[in-house]
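**Q**
There are 2 protein chains.
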Amino acid sequence: MSNQKLPDIKQNFSEWYNEIVFKAELADHAPVRGCIVIRPYGWQLWENIKTVLDARIKATGHQNCSFPLLIPESFIKREAKHIEGFSPELAVVTHAGGKKLEEPLVVRPTSETIIHYMFAQWIKSWRDLPMKVNQWCSVVRWEMRARPFLRTSEFNWQEGHTAHATYEEALLEAKMMMQEYVNLAQNYLAIPVIVGRKSESEKFAGADLTYTYESFMQDGKALQMGTSHLLSQNFAVSFDMKFQNQAGEMAYPHLTSWCGATTRLIGAIIAVHGDQNGLVLPPKIAPVQVIIVPIAAKLGDAVWQKALEIKANLEKIGISTQFDERDHLRPGAKFYEWELKGVPLRLEIGPKDLEQNQVVIAERLNSTKENLLIHDLVTAVPAKLQLMHDQMFAAAKGRLQAMWHKIDKLSEFGNQLEENAGLYQTGWCLDGECEIKLKTYKATIRCLLDTGEFKNCFACDKPSKSDVIIGKAY
Amino acid sequence: MSNQKLPDIKQNFSEWYNEIVFKAELADHAPVRGCIVIRPYGWQLWENIKTVLDARIKATGHQNCSFPLLIPESFIKREAKHIEGFSPELAVVTHAGGKKLEEPLVVRPTSETIIHYMFAQWIKSWRDLPMKVNQWCSVVRWEMRARPFLRTSEFNWQEGHTAHATYEEALLEAKMMMQEYVNLAQNYLAIPVIVGRKSESEKFAGADLTYTYESFMQDGKALQMGTSHLLSQNFAVSFDMKFQNQAGEMAYPHLTSWCGATTRLIGAIIAVHGDQNGLVLPPKIAPVQVIIVPIAAKLGDAVWQKALEIKANLEKIGISTQFDERDHLRPGAKFYEWELKGVPLRLEIGPKDLEQNQVVIAERLNSTKENLLIHDLVTAVPAKLQLMHDQMFAAAKGRLQAMWHKIDKLSEFGNQLEENAGLYQTGWCLDGECEIKLKTYKATIRCLLDTGEFKNCFACDKPSKSDVIIGKAY
Numbered sequence: 032m033s034n035q036k037l038p039d040i041k042q043n044f045s046e047w048y049n050e051i052v053f054k055a056e057l058a059d060h061a062p063v064r065g066c067i068v069i070r071p072y073g074w075q076l077w078e079n080i081k082t083v084l085d086a087r088i089k090a091t092g093h094q095n096c097s098f099p100l101l102i103p104e105s106f107i108k109r110e111a112k113h114i115e116g117f118s119p120e121l122a123v124v125t126h127a128g129g130k131k132l133e134e135p136l137v138v139r140p141t142s143e144t145i146i147h148y149m150f151a152q153w154i155k156s157w158r159d160l161p162m163k164v165n166q167w168c169s170v171v172r173w174e175m176r177a178r179p180f181l182r183t184s185e186f187n188w189q190e191g192h193t194a195h196a197t198y199e200e201a202l203l204e205a206k207m208m209m210q211e212y213v214n215l216a217q218n219y220l221a222i223p224v225i226v227g228r229k230s231e232s233e234k235f236a237g238a239d240l241t242y243t244y245e246s247f248m249q250d251g252k253a254l255q256m257g258t259s260h261l262l263s264q265n266f267a268v269s270f271d272m273k274f275q276n277q278a279g280e281m282a283y284p285h286l287t288s289w290c291g292a293t294t295r296l297i298g299a300i301i302a303v304h305g306d307q308n309g310l311v312l313p314p315k316i317a318p319v320q321v322i323i324v325p326i327a328a329k330l331g332d333a334v335w336q337k338a339l340e341i342k343a344n345l346e347k348i349g350i351s352t353q354f355d356e357r358d359h360l361r362p363g364a365k366f367y368e369w370e371l372k373g374v375p376l377r378l379e380i381g382p383k384d385l386e387q388n389q390v391v392i393a394e395r396l397n398s399t400k401e402n403l404l405i406h407d408l409v410t411a412v413p414a415k416l417q418l419m420h421d422q423m424f425a426a427a428k429g430r431l432q433a434m435w436h437k438i439d440k441l442s443e444f445g446n447q448l449e450e451n452a453g454l455y456q457t458g459w460c461l462d463g464e465c466e467i468k469l470k471t472y473k474a475t476i477r478c479l480l481d482t483g484e485f486k487n488c489f490a491c492d493k494p495s496k497s498d499v500i501i502g503k504a505y
Numbered sequence: 032m033s034n035q036k037l038p039d040i041k042q043n044f045s046e047w048y049n050e051i052v053f054k055a056e057l058a059d060h061a062p063v064r065g066c067i068v069i070r071p072y073g074w075q076l077w078e079n080i081k082t083v084l085d086a087r088i089k090a091t092g093h094q095n096c097s098f099p100l101l102i103p104e105s106f107i108k109r110e111a112k113h114i115e116g117f118s119p120e121l122a123v124v125t126h127a128g129g130k131k132l133e134e135p136l137v138v139r140p141t142s143e144t145i146i147h148y149m150f151a152q153w154i155k156s157w158r159d160l161p162m163k164v165n166q167w168c169s170v171v172r173w174e175m176r177a178r179p180f181l182r183t184s185e186f187n188w189q190e191g192h193t194a195h196a197t198y199e200e201a202l203l204e205a206k207m208m209m210q211e212y213v214n215l216a217q218n219y220l221a222i223p224v225i226v227g228r229k230s231e232s233e234k235f236a237g238a239d240l241t242y243t244y245e246s247f248m249q250d251g252k253a254l255q256m257g258t259s260h261l262l263s264q265n266f267a268v269s270f271d272m273k274f275q276n277q278a279g280e281m282a283y284p285h286l287t288s289w290c291g292a293t294t295r296l297i298g299a300i301i302a303v304h305g306d307q308n309g310l311v312l313p314p315k316i317a318p319v320q321v322i323i324v325p326i327a328a329k330l331g332d333a334v335w336q337k338a339l340e341i342k343a344n345l346e347k348i349g350i351s352t353q354f355d356e357r358d359h360l361r362p363g364a365k366f367y368e369w370e371l372k373g374v375p376l377r378l379e380i381g382p383k384d385l386e387q388n389q390v391v392i393a394e395r396l397n398s399t400k401e402n403l404l405i406h407d408l409v410t411a412v413p414a415k416l417q418l419m420h421d422q423m424f425a426a427a428k429g430r431l432q433a434m435w436h437k438i439d440k441l442s443e444f445g446n447q448l449e450e451n452a453g454l455y456q457t458g459w460c461l462d463g464e465c466e467i468k469l470k471t472y473k474a475t476i477r478c479l480l481d482t483g484e485f486k487n488c489f490a491c492d493k494p495s496k497s498d499v500i501i502g503k504a505y
């Protein structure tokens, strides 16, 4: 790992982002357009995110399963808006087993169509409802402007798919899963988010209603973290999915899908929390929560033994701990590297510390250092990790609020949008003609809020029907 | 679920297999050639297998990561034998993002090539070795004769890939991971296996040496469970992967890959343990270890409450327990269904049982029933599950031994091979000309053993160089 400084995070956020991804060994460029290789440090982060959310998905009554990667092209075409939305991004298998296929297969960009095809066979009676499944997999959407984690031709995600007897129940499901995503973001990733609905033009291809949760990166760019869709009966009609309801009549179920956790979340973590020294990883999901660096120690000596003992004691209480035993690096180089990699806590231990039964504990977030009795570590470390989580969330929230502007008219905030990115809360009449005027600023309506602070539309000045958040998407 | 009887497992094993997969809701046909949908019950089985092995993969020093699904066609062609082996099975993406690609991409049939391309960039010095990574993903190999779990065009697996400074270390790694697979099979899936080397004609395309572990289904067909390969330097040369060794010289690392856990293992579980009443799932990885069926009980009454209490107590000690609260099915129908699904233990509880503070406990394996005090369940259930594991392993081993024949000459066992499948242990001169004679019987050399019981080759009668196991593969 080279010791060259990272680009200035304030001046060149975009370059800083690109460099830290590779320097921290989260990912590497792949020899396939728009794709990355997710390296062990990045993948462990994803596994930790997955573990948290998967437990919640199961606790809320969903079951995991696995649907095919390749989908007949005709399936994608069944729901008219769906094919319109996804067509430009598809990767298509035309040959297999040495022959040209009779019908091309698309590499799944999302799995609604094939899952609904199966739902149509499984759902016959109201007793089969609700049907609630989820899969963890990767999907492919061809990207011309890729960026590691934030936008890649292949990415990993979960996609939940459910069918319900009533509209109300489906709506409740779509909302509930959005709440689970917010819980993940705020309570585990320490990322404050804004939740709202997408506009007609921004919603999922084929959905009735799309909920989104959005965060903002340190350069003021908006980032869609994930979405939850009320598909209602559109896809059910396309796939002839009918069930006999309790009254004995045939009816179409109401569907949802929700794809709120993707490897993009790793990009959000990098972009929301990072600083000039590198990553700052949320303590609850950091692959390494504590790194122990020995000072002036040798394999097997007293310091070495004590470090291993501390590691074992922390692991016993569920703290992911590593001991940096490399003998060709000086402590300073190790400090630099683990700071770059955003490890929440670093313990330093040398002969003098051992004499005093203490270690030096350094916090990544505020770069503070203090001495701590070894005996106290098993209580102090979990407390410090929790505190660091709270501080990270508060700091991120402070940054979000600092870039949150409330402005009445496009003519007023147009100039600002050009200069400063950030959030612009305003009112909207819901007319697409007004929404399209944001194109000049390369901005979009990120979401519609339930609040009603603004009385008039930002563009046409007619009465506002919904507050909205406007921003420039990454 | 229909109550129609399963085909006779002794007379029509193949039909029995096909029906039980669908009836037990492990999987369903997918609308894509050779593919299946793995339903929640089947997928939970896979997740449980994965959890066991993933912990061992990490404990033995490997790290998970994620490489792209799509691989440039030219990569597959770099290692001559590799492309020769995989070419007929490839699914090829020729179009993406609405355009014809300059170079086609293949959907990974296995990831050696793209991983070695990355290894070549990461491995520069002996300090970077060993490099030990693994990924859990799905791969595609176009199948003309698919069979659920046993042979599908897409299947899920893990693939481990490592690079080492020396041949000896790589050999040790390939052997160690094979031992992990044997541990998984025998100690978790209750499947006795035979371990050996593949012949030159059967080894992995591009490998120096392939270890395999094989099981035998109840109809006497051989099933390759998984393999571990010593690739040595072939791929390293193809991908120009060089490192500076401790002496300061440039050298090629020695590589391994091991792909021993695939969704085929679910097929093995079905085929090795099933009986006339359906699945018999290994207790340690069964998605549902205990099913509680209430008798003459109603929502919220005393029996119902007690059943939920028993469920909670069993879950507290880590037993996966379900309570069958469906009110439109009679107990008999529930018994039938859970037997079909192979749940190891069934608890029945009704008003009379409650009076006596007992339940009826029924074991899937031997269809025995007994009364047990509720108070004793938390000790009796884990003990019964362990016992059932041991009994299943012993029973499967007994069946394996019963179909294990030792015969000297092809002329002698040729007739038998035609009539009875099973294992035929004999001697072999290592000559491919002799191996090819097995084609008449649709049999293959499953593996070479380390034993030396046989002195002459089964075909040419020249001195044997290795004992072999011959069988008919599924």
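Chains X and F, in that order, are what the protein sequence lines are.
Quick note on the numbering used here: the first sequence kicks off at 32 and runs consecutively.
Quick note on the numbering used here: the second sequence kicks off at 32 and runs consecutively.
Every residue gets a Cβ at the ideal spot worked out from N, C-alpha and C, and that includes glycine.
Would DSSP call residue 204 (chain X) helix, strand or coil?
**A** helix
**Q** In this structure, does DSSP put residue 326 (chain X) in helix, strand or coil?
**A** Looking at residue 326 (chain X) - three-state DSSP - the assignment turns out to be coil, as it is neither helix nor strand.
**Q** Flag this pair as yes or no: are the beta carbons of residue 372 (chain X) and residue 309 (chain X) separated by less than 8 Å?
**A** yes
**Q** Go through the segment 301-365 of chain X residue by residue and report every complete run of the beta strand (DSSP E) that reaches 3 residues or more, in order.
**A** 321-325 and 352-354
**Q** Which of the three DSSP states is assigned to residue 236 (chain F) in this structure?
**A** coil
**Q** Is it the case that the Cβ atoms of residue 203 (chain F) and residue 238 (chain F) are separated by a distance below 8 Å?
**A** Not in contact: residue 203 (chain F) and residue 238 (chain F) (Cβ atoms no closer than 8 Å).
**Q** Any Cβ of chain F within less than 8 Å of the Cβ of residue 359 (chain X)?
**A** yes
**Q** Report the option in X:464, X:494 and X:460 whose CA atom is closest to the CA atom of residue 479 (chain X).
**A** X:460
**Q** At 8 Å on the CB atoms, spell out the chain F contacts of residue 148 (chain X), in chain order.
**A** 62
**Q** Does the beta-carbon distance from residue 318 (chain F) to residue 338 (chain F) come in below 8 Å?
**A** no
**Q** When we look at the beta-carbon of residue 453 (chain F) and count the other beta-carbons within 10 Å, is it buried (16 or more) or exposed?
**A** buried
**Q** Spatial neighbours of residue 88 (chain F) within its chain, please: C-beta separation below 6 Å, excluding the five flanking residues on both sides.
**A** 165
**Q** Interface residues of chain F around residue 21 (chain X) at Cβ under 8 Å?
**A** Because chain X here runs from 32 to 505, residue 21 (chain X) falls outside it and cannot be looked at.
**Q** Measure how close the beta-carbons of residue 26 (chain F) and residue 294 (chain F) come, nearest whole angstrom, since I'm counting them as under 8 Å.
**A** The first residue shown for chain F is 32 and the last is 505, placing residue 26 (chain F) beyond what the model contains.
**Q** Between which two residues does the beta strand (DSSP E) carrying residue 103 (chain X) extend?
**A** 101-103
**Q** Of all the CB atoms in chain C, is at least one closer than 8 Å to the CB of residue 460 (chain F)?
**A** Protein chains in the displayed structure are X and F, and chain C is not among them.
**Q** Can you say whether residue 494 (chain X) is buried or exposed, counting buried as having 16 or more other CB atoms within 10 angstroms of its CB?
**A** exposed
**Q** Could you check whether the segment 386-401 of chain X touches the segment 188-200 of chain X, counting it as contact only if at least three pairs of C-beta atoms, one from each stretch, sit closer than 8 Å?
**A** no
**Q** Would you mind working out which of X:227, X:504, X:456 and X:289 sits nearest residue 489 (chain X), comparing C-alpha positions?
**A** Of X:227, X:504, X:456 and X:289, the residue nearest in Cα terms is X:456.
**Q** For the structure I just gave you, are there three or more beta carbon pairs, one from the segment 124-133 of chain X and one from the segment 265-273 of chain X, closer than 8 Å?
**A** Verdict: no, contact absent.
**Q** List, in chain order, every chain X residue whose beta-carbon is nearer than 7 Å to that of residue 71 (chain F).
**A** By Cβ distance, chain X contributes 94, 95, 96 and 164.
**Q** Within the continuous alpha helix (DSSP H) that includes residue 420 (chain X), where are the two ends?
**A** 408-433
**Q** Checking contacts by CB at 8 Å: is residue 284 (chain X) closer than that to chain F?
**A** no
**Q** Could you tell me how far apart the beta carbons of residue 313 (chain F) and residue 300 (chain F) are, in whole angstroms, since I believe they sit closer than 8 Å?
**A** 6 Å
**Q** Could one say the Cβ of residue 119 (chain X) lies closer than 8 Å to chain F's Cβ atoms, at least one of them?
**A** yes
**Q** Buried or exposed, going by whether 16 or more other CB atoms sit within 10 Å of the CB of residue 32 (chain F)?
**A** Confidence at residue 32 (chain F) is low in this model, with a pLDDT of 49, below 50, so the placement of that residue should be treated as unreliable; the coordinate-derived value is given next. Residue 32 (chain F) comes out exposed.
**Q** Of the choices X:415, X:224 and X:198, whose alpha-carbon is the least far from that of residue 209 (chain X)?
**A** Checking every option, the nearest Cα to that of residue 209 (chain X) belongs to X:224.
**Q** In chain F, which residues lie with their C-beta within 7 Å of the C-beta of residue 59 (chain X)?
**A** Chain order gives the chain F residues near residue 59 (chain X) as 149, where near means a beta carbon separation below 7 Å.
**Q** Can you say whether residue 4 (chain F) is buried or exposed, counting buried as having 16 or more other CB atoms within 10 angstroms of its CB?
**A** The question about residue 4 (chain F) has no answer here: the residues shown for chain F are numbered 32 through 505.
**Q** Can you give the Cα-Cα distance for residue 71 (chain X) and residue 91 (chain F), rounded to whole angstroms?
**A** 15 Å
**Q** Three or more C-beta pairs under 8 Å: does that hold for the segment 342-352 of chain F against the segment 412-421 of chain F?
**A** A contact is defined here as three or more CB-CB pairs under 8 Å, and the segment 342-352 of chain F meets this definition with respect to the segment 412-421 of chain F.
**Q** Between the segment 37-51 of chain X and the segment 60-71 of chain X, do three or more beta carbon pairs fall short of 8 Å?
**A** no
**Q** Report, in whole angstroms, the separation of the C-beta atoms of residue 477 (chain X) and residue 502 (chain X), which I expect to be a contact under 8 Å.
**A** So it is a contact: roughly 5 Å between Cβ atoms.
**Q** Please classify residue 96 (chain X): does DSSP put it in a helix, a strand, or coil?
**A** Residue 96 (chain X): coil per DSSP, three-state reduction.
**Q** Residue 429 (chain X): buried (16+ other C-beta within 10 angstroms of its C-beta) or exposed?
**A** exposed
**Q** Quick check on this structure: which residue in X:141, X:447, X:481 and X:177 has the alpha carbon closest to the alpha carbon of residue 474 (chain X)?
**A** X:447
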